[in-house]
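Let me begin by presenting the structure, written as structure tokens, before commenting on it.
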Amino acid sequence: MSHPIENPDLPLDELMTRWPETIRVFLDYRLLCVGCLIAPFHTVIDACREHGVDEQSFRADLHRAIGAQLRPSLNRTS
Numbered sequence: 228m229s230h231p232i233e234n235p236d237l238p239l240d241e242l243m244t245r246w247p248e249t250i251r252v253f254l255d256y257r258l259l260c261v262g263c264l265i266a267p268f269h270t271v272i273d274a275c276r277e278h279g280v281d282e283q284s285f286r287a288d289l290h291r292a293i294g295a296q297l298r299p300s301l302n303r304t305s
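Be aware that the sequence shown starts at 228, since it is given in the numbering used here, and climbs by one per residue.
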């Protein structure tokens, strides 16, 4: 069973509300999604694409932050 954080449609604000420990990951990547008015509408995919961040690495760091294992099926190419 996949972890809820793997949901590609999960809005960033919901992700950060459910797992506040992920906020540090956003800040480490210099993504100012925390408190952004677009966060309720953007997903990890959107943020990575718009800010030129490697999605696979970013997701791995999110998973590390919450102590979840990243599923191999999430290793996508952009």
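Just so it is clear, CB atoms sit at the ideal spot from N, CA and C, and this is done for glycine as well.
Linking V280 to R251 through their CA atoms gives a straight-line distance of about 15 Å. Cβ atoms of F285 and P238 stay farther apart than 8 Å, at about 16 Å.
Rounded to the nearest angstrom, the gap between the Cα atoms of I272 and W246 is 17 Å.
Taking the Cα positions, T244 is about 16 Å away from L258.
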